[in-house]
């Protein structure tokens, strides 16, 4: 084999290894979100969600109610990369509708840190229950936490 062919082969081997390692590392975190409460005041359990920027998540919304429930999330939908959304036809930038007696799957990656309101509303009655929050920790915030922890550990270990 000529040297240039070996270089090309090596380049493709590195590319394949890179793709394979990213495929293995991209297993999403699964989170089940149940619609509970009454028809007049539906709520999500859990009511508060916490995500890390750049990590993959798979939300499974479970609506066992005989009513359509709208999931409101403000601008959160604009701050994620959606890989797929299955089980609903009614989606916009700030909400999605959970059909009666259904499951909706949302696979996404948050792309920006921030805090967003998160709550359920009965679509036909326009009644909502307790409001929760979606919090996305940015990469910069995570780096600051790691640095603070390292400094703390350094001083604790010196004593």
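In my numbering, the protein residues as written are -1 to 157. Backbone N, C-alpha and C fix where the C-beta goes; we use that ideal spot for every residue, glycine too. Small disclaimer: the values here were computed from a predicted structure and weren't measured.
task = Please list, in chain order, all residues of the same chain as residue 109 whose beta carbon is under 8 Å from its beta carbon, the five residues on each side excluded.
result = 51, 52, 77, 78, 79
key: Short Cβ contact (7 Å threshold) for residue 102 with residue 59   = yes
ask   = Would residue 183 pass as a contact of residue 61 if the rule is Cβ separation under 7 Å?
value = Residue 183 falls outside the range modelled here, since the chain spans only -1 to 157, and no answer is possible.
task = Check whether the Cβ atoms of residue 114 and residue 132 lie closer than 7 Å to each other.
result = yes
ask   = For residue 121, which of 111, 39, 32, 31 has the nearest alpha-carbon?
value = 39
ask   = What's the gap between the Cα of residue 145 and the Cα of residue 48?
value = 21 Å
ask   = Looking only at its own chain, which residues have a Cβ that is under 7 Å from the Cβ of residue 26, when we skip the five neighbours before and after it?
value = 54, 55, 56, 105
request  = Please check the pair residue 65 and residue 92, which I expect to be a contact at CB under 8 Å, by giving their CB distance rounded to whole angstroms.
outcome  = So it is not a contact: roughly 20 Å between Cβ atoms.
inquiry  = Run through the DSSP bridge pairs and tell me what residue 119 is partnered with.
reply    = 68, 126
query = What is the DSSP secondary structure of residue 62, reduced to helix, strand or coil?
reply = coil
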